[in-house]
Amino acid sequence: MKDHGRNKHSMKRVDDNQLFQAVRLQTWFRDGKERYWVVDESRQAEGMQATHQLIRDVGEQSSDDVSEEEQASNQEGDAEDQIIRDIEQWKEAAQERRLTLLAKPAADELDPWLRYTGWNEVLQESQVDIIQTYKYAREPEEKETKLQRLLRAWDRILERCLDTLANMDHKDVLKWWASPKNEVASQHPFELHQSVQSVHKCSAVWQRFICYMMRTATVDWEDDTETGVEFTHAQWQSIQQIHTHLQTEPNNEDDQDPLLTAELMRLCMLVVMQDTSKIGLYESPLMHYLAVRGIDPLTKSLYPPLAYTPILGRVLWITRLLMLEIAVPLEPWPELRLQSKEDIESIPERIHKLRRTHLCEGSFSPTSSILSQLAMGKKYNQLHESPANIHWSRDEQTIYYLGMGVELEKVREMCHDLIGLLQRLLYNLAFDSELPMVDLSQIVDSMAWNTKFRQSEYSFINHVKNRERTDVGYQYLLKRARKGSKEWQLLQRAGDGSYKWNDSQKQAYLNQERQFLRKLMVTLHVTGGQPARGPEIGSIKVSNSVYSARNIYVINGQMCFLTMYDKARKRRGNTDYIVRFLPNEVSQVLAQYLIYIRPFGRALDQRESEYLFGDNRGPWAGEELTQALSKATSKGLGVRLTVQSWRHVAIGIAVRHLLRASKTWEKDDEEDEGEFAEGDDEEELEQNTFRHIMVRQSGHGQRVAQAHYAVDGAFLHRLGPELITAYEQASVAWHELLGLAQAEGKGKHGRQASQQLTPVGIKRERRESKHGVKAKALDGLRRIYGPQAQPRSEGQAAALQLVHQPPVTSIIVLPTSSGKSVLFFSVAAMAVDQTVIVVVPFTALVEDIVARGQAAGLHCKEWSYSNHYSSQELVQLLVVSADQAVSGQFLHEAKGYELNGQLAHMFFDECHVAFTDTSYRERLRELWKLRYLKCPFTALTATLMVELEDVLRDRLLIEDAVLLRRSTARPTIRYQVQDSKEEAASAVGLRLLERLLYLPDGKRGVVYVRSYATGDLISSALECSFYKARADDKGETLQKWAQGSGGWIVATGALGTGINIPGIIYVVHIDRPYGLTSFAQQSGRGGREGEG
């Protein structure tokens, strides 16, 4: 401090009392995280004097004016207010403390994984909380153009690295490169990931590391960074050099930035090749970044190993890729003095030298630390189980996955409908005529991989014994095409008598073939057995390729397909073959397509491909299957299932209805006892063979199946229906021993037994007022606002009656400030042992409703990822933001409420955002998922134009909703429009605001702007706060303004919906609002308590 005074302020030879001032400090923190507030004692003294004067004034009053009881009551009120202020101050500080980690928390606070990583010790050194620390590692924002330019340089580095990897034809080099051991090469070489998406994910992790370094590096090397990350002097110099390059425009017209690219490569080298032998684990910038990536921003906590190890794996792959480029680059890096592979004297010597020093376990390098954490994380992952995600209906005919109900009967109907549609499409593709049936029992085929069956382009169609039935080629349909049909005229005669293709008809035919293939893809996926992953279905080949065998066979008169793809195939280095047989009708459809339609289709588009599913862009993968499956399930099941969600549903159905039958299914083979291998346990094989086949078809192991797929929410972890049955059987045996055996109840399945142990399906009576709906609605209102409360208006009264005798779905449109929140408050107050859920679009609105609900005496809570309330803890009102309401986690828990008879009603407040805000909030496009919950559903809004009613009904799947609409006109509000003409709107607005600047005490005004630049200008001129949608402190800004003595605030449209703040007498829009709905919402903030 003295140095600063001398250097910056020329304060030489001054006393300490001239430099320093003694103050009183207060802190809420400890353990090296102290943050201090200066106590303003002068204000405290003034407050004390004012208090003493007030006491003297009160004491001089006569006893006739104020009774002793009233004085005592006033004193108690003041004391209570002070208590509330103290508690609120503590809660506010506690919220910040929760995001500030302690260096040494209590022993029971850390699980083994967190004790191993020691994240709390490194993250507590950050000068900001964990959420702010995490934001340093975010992807570049749109305005961060320099970071975007730097990441383009990274893309060029990555491209060069991938070229080097592709050019490395020495498998021995790549095996050594993949090995974490110093003395043993890996059996599997280091290679490109199986999918392009995996490479993108790896690159994205490293991109965020680059952003983290650029954001955290200080101007002076000796200064402390905000997050506590440390850089070597060479690393810091490289970062500063990159900043210098980014200040200048690139010289090359093609924007290659060679100097910037080379300097970024230098920084990457300095990071991955850092010697960590003399520093702590997290003094490496890379390891510090990985500790920051251990923060889960959604739950505001730290990641468990299952969610974190993929990040480690991606960084490990990138570090190996970079080190390969450093060791043997395809092209030289003269700026870094790296020779190309061709110029290196001894590749083995260089390979072993670099990997021993930088890539192996125990090499005192960042990669060594990553390998250690990855190994420990995998160890803990083996003990991990996914959270429950399914429920079953009581009759076991409906499975609920994340709240979505799938009825088994509808699954059967969907399969029949798909097959019928395929048959109709085949009829159309055959030019409106029947195709000959294929007698599959006469088809000769084999899975043998010998010379006869491994020829390129071979399939069962080409087998010599099948040619009479199958080898018809494209000529079969070409003859029909010449004749044409009512729908198809593919050929047209030219003037010289020759034929040529009708291009529009030709394209229409190919489009219908693609439609058929999408439906066939879904049908194979659903009917073939336990479902494969999307890429597995996409890998099906009709005939042999140069590289691998076909996937479609005819075995014992049935079509079947064999998949060889799985996501761990490259890592394991071997191939698992999974066979799925098709039903007879599907077999026939597939055979007819392959024999008659496909040859003609390929002759039309002249596409050369062995893949069954694909187009000119190549074979289809997961995205096409997900889109087709979503459409099919949405139509057939009433819910939209992706490939992943269908896997959960199918596995859950198999566990519940097929694995129970396994013993019966296998008893047919009990006579063949001599076929067992020596040492096999017959009983074990009998019980497990069917289960093994089911698990193998689903493409995972039994441990993964039990821990991660279709985890039943009706049971505790590892206490499933089979174990419940075992416990029941043991208990029954004990009862029989004691002579207490029941005459009934023996031999129940696990689910039936579990019903005796859990509250599932318990019916609860809902009390009805004997005075009818009107009295019940009034009773609910008075429970909230007192015994004399009455509806504000006729519209509110009608709405109260509607929600207290609700239809299945309803829409209520009432003006702003008309008291729509009373509707769900009153329903919650009347609910008996039930919960009312309110979905709202903004976090600020969640907090507002929770605060008002609690003030009204309701047991009201907010639902969030980190703050769950299971069906065993009932609350009257559960408030959830719209983004979280469509998550699988929330829908699963809400479905539990429903199945337990505990879900009374669901409200969606400010429902207009379902079509106004979806352009920039993608999760709002999924609000239709709320309809999976079977309970009364009411949508509330003040801004729903008649023309948009059908849009809202469509977006929320409430086509038959009852509509209650009242005029939204506000007679106490006056409107004025000024045309800025050629002048800037902000200039005109400022002149208007100068006339309105001084507001009466306690009154407020809002200025809405469309851009941050305009907002900054207006807020600076008015000397007031600016409420921004993306600002981290927007909640504090709003609270300070709302609880203050009045005044102006500048805001974006984010302040426009649902916020209930009294005293607003002016609402000014600078420039046009984004739409009439936004204008109505924003102008509706004013006059909410009748102000004119």
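Residue numbers (full-length UniProt numbering): 1 to 1092.
We put the beta carbon where it would ideally sit given N, CA and C, even for glycine.
- Per the C-alpha coordinates, the member of A204, L270, V1006 positioned closest to G1084 is V1006.
- With a beta-carbon spacing of about 5 Å, L330 and N167 fall inside the 8 Å limit used to define contacts.
- Pairing E862 with Y897, the inter-Cα distance amounts to about 16 Å.
- A1051 has Y1008, Y1027 as its beta-bridge partners, per DSSP.
- DSSP places T309 within a helical segment (H, G or I) once states are collapsed to three.
- Looking from the CA of P310, the closest CA among L324, V328, L290 belongs to L290.
- The residues K1034, T1037, L1038, W1041, I1049, V1050, A1051, T1052, A1054, L1055, in chain order, have a CB closer than 8 Å to that of Y1027 in the same chain once the five nearest residues on each side in sequence are set aside.
- For the 7 Å CB-CB criterion, I239 and I130 do not form a contact.
- Here I1070 has A985, S986, G989, V1007, Y1008, V1009, R1010, T1014, I1018 as same chain residues with Cβ atoms under 8 Å from its own Cβ, once five neighbours each way along the sequence are excluded.
- Taking 7 Å as the cut-off, the beta carbon of L281 is found closer than this to the beta carbon of S369.
- Listed in chain order, the alpha helix (DSSP H) elements of length 4 or more contained wholly in the segment 552-636 are 569-572, 584-592, 598-605, 622-636.
- The segment 197-204 makes no contact with the segment 214-221, as fewer than three CB pairs between them are under 8 Å.
- When rounded, the separation of the alpha-carbon atoms in R115 and K378 is 16 Å.
- Between Y458 and S543, the gap from beta carbon to beta carbon is short of 7 Å.
- Rounded to the nearest angstrom, the gap between the Cα atoms of F460 and V444 is 7 Å.
- Each residue's CA atom was taken as its position, placing C211 and S881 some 30 Å apart.
- The beta-carbon separation of N182 and C360, rounded to 4 Å, stays under the 8 Å limit for a contact.
- Residue pairing of I837 in beta bridges, as defined by DSSP: L878, M906.
- A distance below 7 Å separates the beta carbons of I784 and A856.
- Boundaries of the beta strand (DSSP E) harbouring Q492: 491-493, taken from the DSSP string.
- Rounded to whole angstroms, the gap between the alpha carbons of S645 and E893 is 16 Å.
- By the criterion of a C-beta distance shorter than 6 Å, Y380 is surrounded in its chain by W113, P305, once the five residues flanking it on both sides are discounted.
- Spatial neighbours of T642 in its own chain (CB-CB distance under 8 Å, excluding positions within 5 residues in sequence) are listed in chain order as T626, L629, S630.
- Put simply, of L996, G888, E959 the residue whose alpha carbon is nearest the alpha carbon of H391 is G888.
- In the displayed model, V328 falls within coil according to three-state DSSP, outside both helix and strand.
- Taking C-beta atoms under 8 Å as the contact rule, L927 and L956 qualify, at a distance of about 6 Å.
- When DSSP reads this structure, M404 sits in a beta bridge with Y401.
- Within a 10 Å sphere around the beta-carbon of N556 sit fewer than 16 other beta-carbons, which makes this residue exposed.
- Note: E862 is bridge-paired with V879 in the DSSP secondary-structure output.
- In summary, E141 is exposed, with fewer than 16 beta-carbon neighbours lying within 10 Å of its beta-carbon over all protein chains present.
- Secondary structure at H804: helix, using DSSP grouped into helix, strand and coil.
- Per DSSP, reduced to three states, the secondary structure at V832 is coil, with no helix or strand assignment.
- Between I1061 and K1003, the CB-CB gap reaches or exceeds 7 Å.
- Distance from L877 to Q902 at the Cβ level is roughly 13 Å; contact not present, criterion being Cβ atoms closer than 8 Å.
- Here DSSP, grouped into helix, strand and coil, assigns V846 to helix.
- Closest option to I537, judged by alpha-carbon separation, among W333, L612, L383, A494: L612.
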